[in-house]
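Visitor: My questions will all concern the structure given below.
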Amino acid sequence: MKVDVLLGLQWGDEGKGKIVDVLTPNYDIISRFQGGPNAGHTLEFNNIKHVLHTIPSGVFRENKMNVIGNGVVLDPAVFKKEIESLSKIGFDIKKNLLISKKAHLILPTHRLLDAASENAKGDTKIGSTLKGIAPAYRDKIGREGLRVGDLLENFEEKYFQRKTQHLLMLDIFYNYDYTSQLEEYEKEWFEGIEVMKQFRFIDSENYLNNELKNGQSVIAEGAQGTMLDIEFGSYPYVTSSNTICAGACTGLGISPKNIGEVFGIFKAYCTRVGSGPFPTEQENNTGQKLRDKGNEYGSTTGRPRRCGWLDMVALNYSIMINGVSSLIMMKTDVLDDFDSIKICTGYRINGEITRELPYELNNKIEPVYEELPGWKKDLTGITSESEFPDELKNYIKYIEEKTSVPIKIVSVGPNRQQTIIR
Ligand code: GDP
Ligand code: IMO
Ligand code: MG
Numbered sequence: 136m137k138v139d140v141l142l143g144l145q146w147g148d149e150g151k152g153k154i155v156d157v158l159t160p161n162y163d164i165i166s167r168f169q170g171g172p173n174a175g176h177t178l179e180f181n182n183i184k185h186v187l188h189t190i191p192s193g194v195f196r197e198n199k200m201n202v203i204g205n206g207v208v209l210d211p212a213v214f215k216k217e218i219e220s221l222s223k224i225g226f227d228i229k230k231n232l233l234i235s236k237k238a239h240l241i242l243p244t245h246r247l248l249d250a251a252s253e254n255a256k257g258d259t260k261i262g263s264t265l266k267g268i269a270p271a272y273r274d275k276i277g278r279e280g281l282r283v284g285d286l287l288e289n290f291e292e293k294y295f296q297r298k299t300q301h302l303l304m305l306d307i308f309y310n311y312d313y314t315s316q317l318e319e320y321e322k323e324w325f326e327g328i329e330v331m332k333q334f335r336f337i338d339s340e341n342y343l344n345n346e347l348k349n350g351q352s353v354i355a356e357g358a359q360g361t362m363l364d365i366e367f368g369s370y371p372y373v374t375s376s377n378t379i380c381a382g383a384c385t386g387l388g389i390s391p392k393n394i395g396e397v398f399g400i401f402k403a404y405c406t407r408v409g410s411g412p413f414p415t416e417q418e419n420n421t422g423q424k425l426r427d428k429g430n431e432y433g434s435t436t437g438r439p440r441r442c443g444w445l446d447m448v449a450l451n452y453s454i455m456i457n458g459v460s461s462l463i464m465m466k467t468d469v470l471d472d473f474d475s476i477k478i479c480t481g482y483r484i485n486g487e488i489t490r491e492l493p494y495e496l497n498n499k500i501e502p503v504y505e506e507l508p509g510w511k512k513d514l515t516g517i518t519s520e521s522e523f524p525d526e527l528k529n530y531i532k533y534i535e536e537k538t539s540v541p542i543k544i545v546s547v548g549p550n551r552q553q554t555i556i557r
């Protein structure tokens, strides 16, 4: 068997959690391969609305195994809160969640360093979720990180070495006052470790490859989106991991030969949370209308998301980088009330139009739009493709032609059931 990958093609929050939950019945194992608690993946079913941060979105289905892969950075304090909120709604996942020993830990001091670094940046803030992502990945790449497997031996000694170095950085480099936060962060972090120890720590690369050989099916769940990828996103306004398909290979220990279907998920328009370039952003009534109708507020931080029209230049770039084989279009219903819908098909830069993503997404870019008629119909109650209005069929056909990739799923609302599979 091969591993199917589902990943975001824009700036995150495309609706990955919802669709992984919808697709889970087709798979035996659901695995996260990168990112950490910066992610917020929302699922809605049976009047339950739930946001997951580190835990894969397969946990609500019975008899499925969920794996936190080696590429993930894990904060025990956040993990504990997630486990507690799942348990409050009746889900005990001790038997169906496995954690890679090679996943790196986010320490309390990583969170402080994230805040200190953002403070020091002034106007050039990344708009980080302040979950300690960049400092944790920095320690990983700097070969100084602590891993889940370290919890099994001499852990306290290793922890205090790292903490001491981090506190020196906070004092000397950032002059950052952490006294009011550190104690509380550490308390919840050590409590989190005790919760983590109730789960099985495994060599997930061996587990996954063995299960594939045994004929089990696996879906890899991406976090963030391609435009936030450390290599190919709008650097430096990105996250610190490989959000792209190749990240599933390194973040799970899967050979490129064993990648199957690549599901690329995108909103029928665009959003971005945090700083950084966004060529099709609408800082006007249109943007506000998208935000209101789409309830565009961050699942992790609650920040209002910036909103704009669909950007085909960025979308085609993401499709290319990931080798997307099927597209999934989300939040189609949010466009229900528009007389006409704009799609950006190129960037005009210094008078010339390009359809390729340039090195820098700066304010010299002027998006070139085509305009398609809106459908002006409530899509949220429809249950089959035969009910699609002609204008929506046209919108879908237009995107399929411009991308040369079929749109296999159209989402028309946040609920599991509001999903049309074509
Ligand atoms: P993720 O990070 O990619 O999992 O996405 P988020 O959960 O952060 O954000 C997607 C938001 O849109 C969530 O609030 C979902 O409940 C909601 N959502 C998902 N699909 C649809 C849809 O088709 N229509 C509408 N209106 N909302 C959706
Ligand atoms: P999901 O998985 C949207 C953004 C932050 C910031 C930048 C760097 O829910 O789609 P970080 O905390 O990673 O150092 O922040 O990346 N960001 C996200 N935006 N969805 C996410 O995850 C995000 N995770 C990080 O807003 O601009
Ligand atoms: Mg999200």
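The sequence shown begins at 136 in this note's numbering and counts up one residue at a time.
Glycine included, every Cβ here is placed at the ideal spot set by N, Cα and C.
1) State whether the stretch 393-400 contacts the stretch 418-435, with contact taken as three or more CB pairs (one from each stretch) at a distance under 8 Å.
2) Ignore the nearest five residues each way along the sequence and tell me which others in W510's own chain have a CB closer than 6 Å to its CB.
3) Can you name, in chain order, every residue of its own chain whose Cβ lies under 6 Å from the Cβ of D139, other than the five neighbours on each side?
4) Taking the alpha-carbon positions, what's the H185 to E495 distance?
5) Are there 16 or more other CB atoms within 10 angstroms of the CB of D312, so buried, or fewer, so exposed?
6) Compute every distance between the C-beta of S235 and the non-hydrogen atoms of the ligand GDP, then say whether any falls below 7 Å.
7) Going by DSSP in three states, M331 sits in which element: helix, strand or coil?
8) For Y477, report the span of its beta strand (DSSP E) as first-last.
9) As a quick exercise: from I517, T385, V208 and P502, pick the residue whose alpha carbon is nearest that of G170.
10) I think K559 touches G327, with their Cβ atoms under 8 Å apart; what is that distance to the nearest whole Å?
11) Give the secondary structure of R282 by DSSP, where H, G and I count as helix, E and B as strand, and everything else as coil.
12) What is the DSSP secondary structure of H188, reduced to helix, strand or coil?
13) Using CA coordinates, which residue listed in Y530, L317, T554 and N344 is at the minimum distance from I517?
14) Taking all protein chains shown into account, do 16 or more other C-beta atoms lie within 10 angstroms of the C-beta of L486, making it buried, or fewer, making it exposed?
15) Just to check, is the beta-carbon of S166 closer than 7 Å to a non-hydrogen atom of the ligand MG?
16) Report the rounded CA-to-CA distance for G368 versus L142, giving the unit in angstroms.
17) Taking only the alpha-carbon atoms, compute the straight-line gap between I337 and L232 and give it to the nearest angstrom.
18) Beta-carbon separation of A238 and V194 under 8 Å?
19) DSSP state of M304, grouped into three classes?
20) Below 8 Å on the Cβ atoms is my guess for I234 versus G267; work out the distance and round it to an integer in Å.
21) Between G170 and the ligand GDP, is the CB less than 7 Å from at least one heavy atom?
22) Let me confirm a value: P541 is counted as buried when at least 16 other C-beta atoms fall within 10 Å, else exposed. Which label applies?
Guide: Let me spell this out:
1) no
2) Reading the sequence shown from its first residue, position 375 is the one you call residue 510. Answer for W510: P524, E526 and L527, listed in chain order.
3) Reading the sequence shown from its first residue, position 4 is the one you call residue 139. So the qualifying residues of the chain are I354, G395 and E396.
4) Counting from one through the sequence shown, the residue named residue 185 turns up at place 50. Counting from one through the sequence shown, the residue named residue 495 turns up at place 360. In a straight line, the C-alpha of H185 is about 36 Å away from that of E495.
5) Along the sequence shown, read from residue 1 onward, the residue named residue 312 stands at position 177. Classification of D312: exposed, given that the 10 Å Cβ count is below 16.
6) What you label residue 235 is simply residue 100 of the sequence shown in a count that begins at 1. No, since every heavy atom of the ligand GDP falls outside the 7 Å radius drawn around the Cβ of S235.
7) Along the sequence shown, read from residue 1 onward, the residue named residue 331 stands at position 196. M331: helix per DSSP, three-state reduction.
8) On the sequence shown, position 342 is the one that residue 477 refers to. Here residue 477 is Lys; the residue named in the question, Tyr, does not match the sequence. Note, K477: beta strand (DSSP E), S475 to I484.
9) The residue you call residue 170 lines up with position 35 of the sequence shown. It is V208.
10) Past the edges of the chain, shown from 136 to 557, lies residue 559, and the structure says nothing about it.
11) Translated into positions along the sequence shown, residue 282 becomes position 147. Reduced to three states, the DSSP call for R282 is strand.
12) As a working mapping, residue 188 is identified with position 53 in the sequence shown. Reduced to three states, the DSSP call for H188 is coil.
13) On the sequence shown, residue 517 is found 382 positions in, with the first residue counted as 1. Nearest option by C-alpha distance: T554.
14) If you number the sequence shown from 1, residue 486 lands on position 351. For the record, residue 486 in the displayed sequence is Gly; it is not Leu. G486 comes out exposed.
15) For this step, residue 166 is matched to residue 31 along the sequence shown. Result no, Cβ not under 7 Å from the ligand MG.
16) Numbered from 1 along the sequence shown, position 233 holds the residue referred to as residue 368. Numbered from 1 along the sequence shown, position 7 holds the residue referred to as residue 142. Rounded to the nearest angstrom, the two C-alpha atoms are 14 Å apart.
17) Here residue 337 corresponds to residue number 202 of the sequence shown, with the count starting at 1. Here residue 232 corresponds to residue number 97 of the sequence shown, with the count starting at 1. Roughly 10 Å separates the two Cα atoms.
18) The count along the sequence shown starts at 1 and reaches residue 238 at position 103. The count along the sequence shown starts at 1 and reaches residue 194 at position 59. Not closer than 8 Å, so no.
19) As a working mapping, residue 304 is identified with position 169 in the sequence shown. Three-state result, M304: helix.
20) Mapped onto the sequence shown, residue 234 falls at position 99. Mapped onto the sequence shown, residue 267 falls at position 132. 18 Å between Cβ atoms; not a contact.
21) For the purposes of this step, residue 170 is taken as the residue at position 35 of the sequence shown. Flag unset: Cβ of G170 not near the ligand GDP.
22) On the sequence shown, residue 541 is found 406 positions in, with the first residue counted as 1. Its Cβ having fewer than 16 others within 10 Å, P541 is exposed.
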